[in-house]
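For the sequence shown, our numbering begins at 668 and goes up steadily by one.
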Amino acid sequence: MTEVLIRGRVLTFVAEPQGIDDSASYHYFEDGAVLVRDGKIVDTGTYADIRKLAGANAEIADHRPNLVLPGFIDTHLHFPQTQAIASYGAQLLEWLNTYIFVEEQKFARAAHAAAVAERFMDELLSNGTTTAAAYCSVHPESVDAYFAAAEARGMRMIGGKVMMDRNAPEALRDTAQQGYDETKRLIEKWHGRGRAHYAISPRFAITSTPEQMEMSQALVSEHPECFVQTHLSENRDEVAFATSLYPEAKDYTDIYARYGLLNERMLLGHCIYLSDREISVLAETGAVGVFCPTSNLFLGSGLFDRDRFDRLGARWSMATDVGGGTSFSMLETLAEAYKVLHLQGQRLTPFSSFYRMTLGNAQALGLEQHIGSLHSGADADIVVLDSGAKPAMEYRMRTATSLAEELFILQTMGDDRSVAEVYVAGKPKKAKDKANVARQRIFETA
Ligand code: GUN
Ligand code: ZN
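Now the structure itself:
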């Protein structure tokens, strides 16, 4: 039995905050602690209470005065795009053809996929993200590399091979049957192994024929335990192209609805140009719209209308969408979300932001029993945040007078430097991984 008592200013959510300072939505312990036993949380509360539960041999990790929160969750990004972030000058369809479909061809080489998977997982952890839902490339080897790297770190990760059988270079196309067979084999190999969850991943309507959509429908009905992920209504040219390929569909959302793909395990990236009818379909089916602000700004896609999702009762989550997204940091992502909503006269309060990065995203994934909060029995995936990590932040923090203000500074000015430590199933990962990256750099230049 191994026990760790993690001490600091502990913050964890119990519900979605309603309003600017809804203190019923979270628990905050100024001198708090989380007791971890064999990778799970035993209990969370004041240090005085929790230390009484710890055995004599418990290790104490004293992070005061830093904040201790549940690890961040990213609900949409692309592992093969790790080295394609910051590709210049194009909107979605041109960007995919010019940069992304070139980059993803490199993942036919298992050694390349393995090397990128290592860096991808370390980058997530360095930014405090302990669970993510990612697209792999079309190559099954990329999925093996992805889940192997996650497993080596003990991370709860969601992923799947993209299926695409048209409108992509030949080297990146599968066929409807091959996409089905390979996905089936990968689900058998990975889903439920350790902390791995499989996501059935038809990339989007443009790159899948009706035959591939039918195969996706079969996979979803044969594997209701799996996630499903795709892209929806990100860019005006994309919407026009997708709907022209499925003239019988009422609109873009109806393409996926007709193939029975919309359910509460479906994650739909972007959802910018949806009608009220389409958002209402998401509300009825429980499918989740995924807001990716850095990507939507970088690719010039448009502005996600959160208030309309809330008004129509549809679920939504937050994500980086690396490499259309420009940062692995959920702090930077929420900073941009704040601005995107502000442009539309909408507010994102500091407590809402931190709820979204943690419990909110866990609820969107239906994984709130395991991740997203520090309740007894949860996985001990934990992030430690230093709100004075950068000189300009430290200086700004001197004038902060409330927790809400501190959180807003962290979100607006923070990045990976604000992440002092990250625990995966109770094991500290950040310091060690920093050393690994440094060693790897020396190796690469030797
Ligand atoms: N739509 C289809 N594929 C992609 C992708 O890789 N990134 C983004 N942002 N949108 C997509
Ligand atoms: Zn995406």
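A virtual CB, placed ideally from N, CA and C, is assigned to each residue, including glycine.
Beta-carbon proximity of residue i to residue j, cut-off 8 angstroms
i                  : j                 : result
aspartate 943      : leucine 998       : no
serine 793         : lysine 1006       : no
proline 869        : methionine 830    : yes
proline 1017       : alanine 1071      : yes
valine 810         : tryptophan 857    : yes
serine 1054        : isoleucine 1076   : yes
serine 754         : phenylalanine 774 : no
methionine 985     : alanine 1004      : yes
aspartate 710      : leucine 720       : yes
valine 989         : glycine 927       : no
threonine 961      : threonine 987     : yes
phenylalanine 680  : serine 692        : yes
phenylalanine 1029 : leucine 1052      : Before going on, a small fix: residue 1029 reads as alanine here, not phenylalanine. Cβ distance not < 8 angstroms, so alanine 1029 and leucine 1052 don't count as in contact.
tyrosine 735       : glycine 699       : A small fix is needed here, since residue 735 is valine in this sequence, not tyrosine. Cβ atoms of valine 735 and glycine 699: closer than 8 angstroms.
alanine 777        : glutamate 808     : yes
glycine 1027       : glutamate 683     : yes
leucine 934        : threonine 920     : no
glycine 795        : phenylalanine 814 : no
Reduced DSSP category for residue i - H, G, I as helix; E, B as strand; rest coil
i              : result
glycine 936    : strand
proline 684    : coil
alanine 863    : strand
leucine 979    : coil
alanine 924    : helix
serine 1020    : helix
aspartate 1114 : No information on residue 1114 is available, as it lies outside the stretch 668 to 1113 that the chain covers here.
proline 1201   : Because the chain in this structure spans residues 668 to 1113, residue 1201 falls outside the shown range and cannot be described.
asparagine 963 : helix
threonine 796  : strand
lysine 1094    : strand
alanine 1113   : For alanine 1113, the pLDDT reaches just 38, beneath the cut-off of 50, and the residue's location in the model is therefore unreliable, although a value from the coordinates is still provided. Here alanine 1113 sits in coil by DSSP.
arginine 823   : coil
asparagine 733 : strand
alanine 1087   : strand
lysine 1057    : coil
glycine 846    : helix
lysine 917     : coil
glycine 1027   : helix
threonine 1066 : coil
lysine 707     : strand
arginine 676   : strand
glutamate 770  : helix
methionine 668 : coil
serine 809     : helix
histidine 1009 : helix
threonine 765  : helix
aspartate 689  : coil
alanine 777    : helix
aspartate 698  : strand
proline 891    : coil
methionine 997 : helix
Integer-rounded CB distance, given that residue j should sit under 8 angstroms from residue i
i            : j             : result
glycine 846  : glutamine 879 : 6 angstroms
proline 747  : glutamate 770 : 6 angstroms
leucine 839  : alanine 801   : About 17 angstroms; that fails the 8 angstroms criterion.
tyrosine 714 : arginine 676  : Not quite, the Cβ-Cβ distance comes to about 10 angstroms (not below 8 angstroms), so this is no contact.
serine 1040  : proline 737   : 5 angstroms
leucine 979  : alanine 954   : That belief does not hold up - the Cβ atoms of leucine 979 and alanine 954 are roughly 12 angstroms apart, past 8 angstroms.
alanine 751  : leucine 672   : No, alanine 751 and leucine 672 are not in contact; Cβ-Cβ is about 42 angstroms, not under 8 angstroms.
Between the stretch 696-708 and the stretch 1086-1093, do three or more beta carbon pairs fall short of 8 angstroms?
yes
Check: So which residues touch the region around the ligand ZN, with touch meaning a C-beta under 5 angstroms from any heavy atom?
Finding: Gly936, Asp988
Discussion item. Three or more C-beta pairs under 8 angstroms: does that hold for the stretch 1018-1030 against the stretch 1053-1068?
Written reply: no
| query | Counting Cβ pairs, one atom from each stretch, are 3 or more of them under 8 angstroms apart for the stretch 1041-1048 and the stretch 965-980? | reply | no
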